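Top line first, the protein sequences correspond to chains G and E.
Take the first sequence: its letters are residues 1073 to 1133, numbered as in the working numbering.
Take the second sequence: its letters are residues 38 to 428, numbered as in the working numbering.
Beta carbons: idealized from backbone N, C-alpha and C, even for Gly.
All values derive from a computational prediction rather than experimental measurement.
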Amino acid sequence: MSSKTIGQLHKELKEIIEWFEGSSETDVDKAIKKYEKAQIIAKELKTKLDGLDNKIKTIEV
Amino acid sequence: MQKDSLDGAASTPHTSRPIHHTPYTLDDGYYTGETLRVSEALTLINDTLEQTIPAIIVEGEISGFKVSQGKWVFFDIKDEDSTLNCFMPVFGLNVPLEDGMKARVLAVPKLTKWGRFSLTVKQVELAGEGSIKKAYQILKKKLEGEGLFEASRKRPIPEFPEKIGVITSSAAAGWQDFKKLIDERWAGLDIKQVNVAVQGIDSPRQIIKATEYFNQSSSPVDLIVIVRGGGSIEDLAGFNDEKLVRSITASRTPVVVGVGHENDETLASLAADVSAATPTHAATLIVSDKKDFLDSVDSDLHFLSGKISQHVVDLRSVLGDADRAITDYFRNYAEQFDFIIKRLSAYDPKAILSRGYALVKEANGGNITKGSDIIVTTEKQLIKAKVQEVK
Chain G
1073 MSSKTIGQLH KELKEIIEWF EGSSETDVDK AIKKYEKAQI IAKELKTKLD
1123 GLDNKIKTIE V
Chain E
38 MQKDSLDGAA STPHTSRPIH HTPYTLDDGY YTGETLRVSE ALTLINDTLE
88 QTIPAIIVEG EISGFKVSQG KWVFFDIKDE DSTLNCFMPV FGLNVPLEDG
138 MKARVLAVPK LTKWGRFSLT VKQVELAGEG SIKKAYQILK KKLEGEGLFE
188 ASRKRPIPEF PEKIGVITSS AAAGWQDFKK LIDERWAGLD IKQVNVAVQG
238 IDSPRQIIKA TEYFNQSSSP VDLIVIVRGG GSIEDLAGFN DEKLVRSITA
288 SRTPVVVGVG HENDETLASL AADVSAATPT HAATLIVSDK KDFLDSVDSD
338 LHFLSGKISQ HVVDLRSVLG DADRAITDYF RNYAEQFDFI IKRLSAYDPK
388 AILSRGYALV KEANGGNITK GSDIIVTTEK QLIKAKVQEV K
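Dropping the structure here:
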């Protein structure tokens, strides 16, 4: 699992989606590579959200 | 009072001497002990007050409210039987006060150098629904006039916050609800909670201090959340404190306020970047539901998969177009070729011969004259002959 935050991973996923939405390229190889990257990101997001707990600390000031 | 003591006091040096609290004993109706100057007596009384009553909370009705020189506030706080004088600097006044309002003051009792007993007020909290509502309207109008509640001042909160600063009471039901919902909805958050009083006269000061703590922290949070569950109008009065409202609008970090129930409106909520109706509502505004989020990620992947299929379809379409273009080109070329062939065929001598004509040539390529040898070509025969006559 990478050290990227959920926000960073989600941003990368959105960039891939934007590429697909805006691209007029018909380079299927490139599209497949981007799709594979999106799959990895999705898996990592799931791992993080399912595996991590929230840390709560009470402090007095 | 014993005369000797008075005489003794008169002969005693008055400056910078220690003031002894003892012995001040009563002896057959006479006081014995050291005689003090007036200022020393005042100091002694104030010291005694400070030790025995360092602070006091008094509730009563405000009367004689006035601001002097724009710097000092004077008023009386009274009940049916008694009145106490109150004093405070203007900048310390955190709620609008008017005569007739019911209020609680947190104050230090003090005897002034003019011998007048007064309360030096540190905090004021309104009491009674009527006073609170009236003060609320006055302050709301004032702060609206300054533009503190303008939508243009509101800042967005991060879509995926990682560090959250929560200001609430550890014992508050609202905090428990908030935590529970946050845990259900999202993961991986680093939450720091500052434990403060969420009602009572000192509540605004504690919340302001906690807000400052998060704003000045070397490990800044992505947003600050102030939460408290429902309560009476008096319980929530601290969230209408002017200083608290100003500290929220001055916060460098975006602030979410989720105080009270659905219909409770506080000035702190109006000043917040994001106002939530309740603590649990605040939790839903701060973080997404992870199940919904992961479902949307799946939808994104599905969308991408569809896009790839579309890419393939598009590619096939491009190849099909190319195929048709090439076919059309060659078909056109062939048609042109046929046309040329047909045109050429029309000039083919053999075609003429096939229609029964014959081609006659002088055998040696010269002119045909009488006696010339000639070659006659028909469709099927080559005939050698001699010319008998030329006309």
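Using beta-carbon distances, E/E181 does not count as an interface residue toward chain G, since no partner is under 8 Å. For E/V104, the closest alpha carbon among the candidates E/D116, E/T414 and E/G129 is that of E/G129. Close CB contacts of G/Q1080 within its chain, under the 7 Å cut and outside five residues either way in sequence, are absent. By the neighbour-count criterion, in which 16 or more other beta carbons inside 10 Å mark a residue as buried, E/Q160 falls on the buried side.
E/F374: member of the alpha helix (DSSP H) spanning K327 to A383, first to last residue. Any Cβ of chain G closer than 8 Å to the Cβ of E/G225 would place that residue at the interface, and such an atom is present. Counting along the chain, the unbroken beta strand (DSSP E) around E/Q160 starts and ends at F154 to L163. Chain G has no Cβ within less than 8 Å of the Cβ of E/H318.
Leaving aside the five residues that flank E/V231 on each side, the residues in its chain whose CB is nearer than 6 Å to its CB run, in chain order, I204 and A247. With respect to the C-alpha of G/L1085, the residue from G/E1108, G/K1120 and G/V1100 having the closest C-alpha is G/E1108. Under the 10 Å beta carbon count, G/D1125 is surrounded by fewer than 16 other beta carbons and is classified as exposed. Assignment of beta-bridge partners to E/N122 by DSSP yields E/D113 and E/S155. DSSP, reduced to helix, strand and coil, places E/G297 outside both helices and strands of the structure shown, so it counts as coil.
Burial check for G/E1090: the Cβ neighbour count within 10 Å stays below 16, so the residue is exposed. Annotated three-state conformation of E/S312 is strand, per DSSP. Look at E/R392 here: in three-state DSSP terms it is coil, with no helix or strand label. For E/Q253, the enclosing alpha helix (DSSP H) covers residues S240 to Q253.
Taking the CA atoms as reference points, E/L341 sits about 25 Å from E/D358.
At a C-beta separation below 8 Å, G/E1132 has these neighbours in chain E: V231 and N232. Considering only G/I1131, G/I1078 and G/V1100, the residue with the shortest C-alpha distance to E/I345 is G/V1100. Counting only the Cα atoms, G/I1131 lies some 36 Å from E/W109. Per DSSP, E/V75 has no beta bridge partner at all. Cβ atoms of E/V294 and E/A320 stay farther apart than 8 Å, at about 13 Å.
The straight-line gap separating the alpha-carbon atoms of E/G167 and G/I1128 is approximately 39 Å. By the 16-neighbour rule on beta-carbons within 10 angstroms, E/E221 is exposed. If you compare the alpha carbons of E/G152, E/W151, E/T157 and E/G137 with that of E/A144, the shortest gap goes to E/T157. Counting other Cβ atoms within 10 Å of its Cβ, E/T415 stays below 16 and is therefore classed as exposed. Ranking E/K421, E/V264 and E/S207 by CA distance to the CA of E/H318 puts E/V264 first.
Sorting E/G408, E/Q418 and E/I420 by C-alpha distance to the C-alpha of E/E426 places E/G408 at the top. Along the segment 1118 to 1129 of chain G, the positions whose C-beta sits under 8 Å from a C-beta of chain E are K1118, K1120, L1121, D1122, G1123, L1124, D1125, N1126, K1127, I1128 and K1129, read in chain order. Taking a cut-off of 8 Å on C-beta distances, the segment 277 to 293 of chain E does not touch the segment 207 to 222 of chain E, as fewer than three cross pairs fall below it. Sixteen is the threshold: when 16 or more other Cβ atoms of the shown chains lie within 10 Å of the Cβ of E/L273, as they do, the residue is buried.
Of all residues in the segment 335 to 362 of chain E, only D335, D337, L338, F340, L341, S342, K344, I345, H348, V349, D351, L352 and V355 come within less than 8 Å of chain G when Cβ atoms are compared, listed by chain position.
Against E/F197, the close residues of chain G are T1077, I1078, G1079 and H1082, in the order they occur along the chain (beta-carbon pairs closer than 8 Å).
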